[in-house]
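Residue numbers (numbering that gives the first Met the number 0): 0 to 513.
Everything on this sheet refers to the single structure shown next.
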Amino acid sequence: MNLLTDKWIPVTFNGQFKHITLENILCQDADWQLRFHRDDMALATLQLIVCLTQVIFMPNNAQELRQRLKKPLTFKEYKTCIQQYLDMFVLNHPQHPFMQTAELKGKSVSPQKLFIGLPEQASTSPNAHAFFNQTIEIEKTCLPCTTVALFQQATNGLSLGGVAFSVGLKGSSPITTLLTAKNNLRETIWLNILNKEFIQDKTHILLSGKENLPTWLEPIAISKEKVTVHTHEIGLLRGLFWQPARIKLNIHSVNDEYCDSCGTVTNTICTEFTQEPYTYKRGEGTWIHPHSPRIKTDKGIQYLKFSSKKPIWEQLTAFFWEIEQKIKTGNNSFTPALVVSQSKQVFSGKISIVAGGYILGNSTEKIEGRRHELFQLEQGWENGFEDMNEILQFVIEIPDKLKTSIWYFVKNACDDGLGKELQKKLPTQVRDEFYRRSETKIYVELQDVDWDKIENLQHRLFKYLSKLAFDLYKEVTQPYEHNPAIYGAIVVGHENLCKALNKLNPEKSNETAE
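See the structure below:
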């Protein structure tokens with residue numbers, strides 16, 4: 000299957016599911032809607048399309064990029080541009096298959112291992128077995144699903160087996176942020192294509208020669224000692240399609256079988272893949288990936304990740320603006336994905352991004368879940384950092400105040416029967432429940448923000464969130480209200496919450512909390 004000429008992109012069109020070509024999307028303004036039953040795979044499909052378009056059809060400057068956004072490529076333009084890449088992106092190529100090593104003698108495993116978050120058949124760890132999924136859920140996959148899973152695993156996933164295997168250039172489970180256009184897949188793609196002048200200004204990744212050949216054409220060196228990979232020696236094409244693992248898919252023909260991933264009938268399937276352990280040493284520097292926000296600390300530059308302990312909106316400013324943040328241990332700086340930074344210079348008006356990724360557990364090799372959210376900011380967002388940061392800092396304080404009040408309640412009640420173990424867990428559990436119940440409301444409010452009337456948003460959020468804080472406090476303490484020994488502790492915690500929220504009230508002179 001050739002990614003540049005064959006039908007592999009899953010879409011719905013006029014209510015019907017079908018696979019279409021990259022040429023279909025870039026050369027026609029049809030109502031294609033990407034379709035995948037998993038949101039992470041849908042985002043990975045979009046990212047793969049963007050990467051292909053980026054390296055093959057890169058505009059020279061902002062003016063060319065705007066022109067590409069306005070009208071489709073001609074079929075002649077498309078065919079001319081892909082000529083030098085035609086042999087490069089073939090999934091089952093006999094000599095250099097896409098994102099694979101042609102000859103391997105390693106262990107064969109189920110294709111399910113490529114689908115991040117599903118339980119592994121070979122693993123004996125209880126963490127590897129998901130509650131609602133089976134270890135043999137995916138035993139055969141069509142080539143389109145296999146291609147997307149292969150790309151996603153290498154670009155945004157974990158290693159294929161712990162310390163004996165390497166992870167991608169961005170580390171384990173980085174957040175991906177891509178811009179979106181309303182109901183237009185072709186425009187969405189071009190919103191995420193960097194022009195040459197912008198790349199040259201922001202990064203060093205426009206390299207040529209072997210430094211820009213993909214790993215399946217110019218493999219990462221192998222030796223008895225760990226090879227050091229220097230990120231400044233990795234070009235745009237090589238980096239976008241970086242494959243840290245040594246993999247070979249087992250692909251063969253069949254008679255009309257169903258794909259276990261998407262359910263479509265196919266005549267060519269993948270039933271397993273071979274893998275060999277391989278690790279390399281990362282040299283100094285960071286490869287600046289265009290699709291992920293970054294954080295710089297005293298320990299170096301890392302890509303942002305989702306945490307099970309915090310809601311996504313706490314990191315919202317890092318998705319859109321460059322930030323310097325002072326903390327107790329030093330300074331942190333946040334940088335949005337290059338596609339978002341370019342948008343400020345090239346496009347105007349409102350901005351809409353999709354942010355997706357996996358939630359890491361206690362280990363860098365454990366996935367607890369995945370997130371996929373759409374954020375939209377109205378016109379004027381480019382200069383809205385100070386206002387948005389003030390709002391988010393204000394919102395963050397409310398659940399923290401609730402947590403403190405619950406701690407006061409439990410501390411004063413511990414000696415009367417609640418137990419000290421509860422003191423350790425309950426405050427955090429209540430704060431997490433606050434996050435869960437308020438998340439949708441916060442998203443809705445942030446998407447409709449009027450930058451000229453930002454104070455109205457703060458008032459609305461305070462009214463809603465302070466009520467939620469008091470409701471949760473009451474839910475936790477109500478079972479103990481009739482216990483005379485504990486009632487005093489309830490009052491102490493409630494008074495603490497009242498005082499704390501009254502200090503946050505944006506209308507202190509006119510209104511007080513409960």
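Glycine residues also receive a C-beta, built at the ideal position from the N, C-alpha and C atoms.
Note that the structure is predicted; figures quoted are calculated from it, not measured.
- Under the three-state reduction of DSSP output, proline 310 falls in the coil class, being neither helix nor strand.
- For glycine 368, the closest alpha carbon among the candidates Ser171, Leu376, Glu377, Tyr357 is that of Tyr357.
- Apart from the 5 residues on each side of it in sequence, glycine 360 sits with its Cβ closer than 8 Å to the Cβ of Asn126, Ser307, Ile366, Glu367 in its chain, given in chain order.
- Taking threonine 154 as reference, the option from Thr79, Met98, Thr73 with the minimal CA-CA separation is Met98.
- Straight-line spacing of the CA atoms in phenylalanine 56 and phenylalanine 374 works out to 27 Å.
- Counting along the chain, tyrosine 302 sits inside the beta strand (DSSP E) bounded by residues 299 to 302.
- With a 10 Å radius around the Cβ and a threshold of 16 neighbouring Cβ atoms, phenylalanine 319 comes out buried.
- In this structure proline 505 does not touch phenylalanine 433 by the C-beta definition: roughly 19 Å separates them, more than the 8 Å allowed.
- In this chain, serine 252 is not harboured by any alpha helix (DSSP H); it is covered by the beta strand (DSSP E) spanning 245 to 257.
- Aspartate 259 counts as buried, since at least 16 other C-beta atoms from the protein chains shown sit within 10 angstroms of its C-beta.
- When beta bridges are read from the DSSP output, glycine 356 appears opposite Arg370.
- In the pairwise beta carbon analysis, the stretch 10 to 22 is classified as not touching the stretch 155 to 168: fewer than three pairs are separated by under 8 Å.
- Taking 4 residues as the shortest admissible run, the stretch 451 to 506 contains the following complete alpha helix (DSSP H) segments, listed from N- to C-terminal end: 453 to 476, 483 to 503.
- The alpha helix (DSSP H) runs of length 4 or more contained entirely in the stretch 58 to 146 are, from start to end of the chain, 61 to 69, 74 to 81.
- Glutamine 83 is classed as exposed because its beta carbon has fewer than 16 other beta carbons within 10 Å across all chains shown.
- Burial is judged here by how many other beta carbons sit within 10 angstroms of a residue's own beta carbon; isoleucine 221 has fewer than 16 and is exposed.
- Under the three-pair Cβ rule at 8 Å, the stretch 389 to 396 does not count as touching the stretch 470 to 478.
- The Cβ atoms of isoleucine 294 and leucine 142 lie no closer than 9 Å to each other.
- In this structure, phenylalanine 12 lies away from aspartate 39, with their beta-carbon atoms at least 9 Å apart.
- Only residues of its own chain outside the window of five on either side were considered, and among them Pro505 have a CB closer than 8 Å to the CB of glutamate 454, listed in chain order.
- Taking a cut-off of 8 Å for Cβ pairs, the stretch 273 to 285 and the stretch 177 to 197 do not touch, as fewer than three such pairs fall below it.
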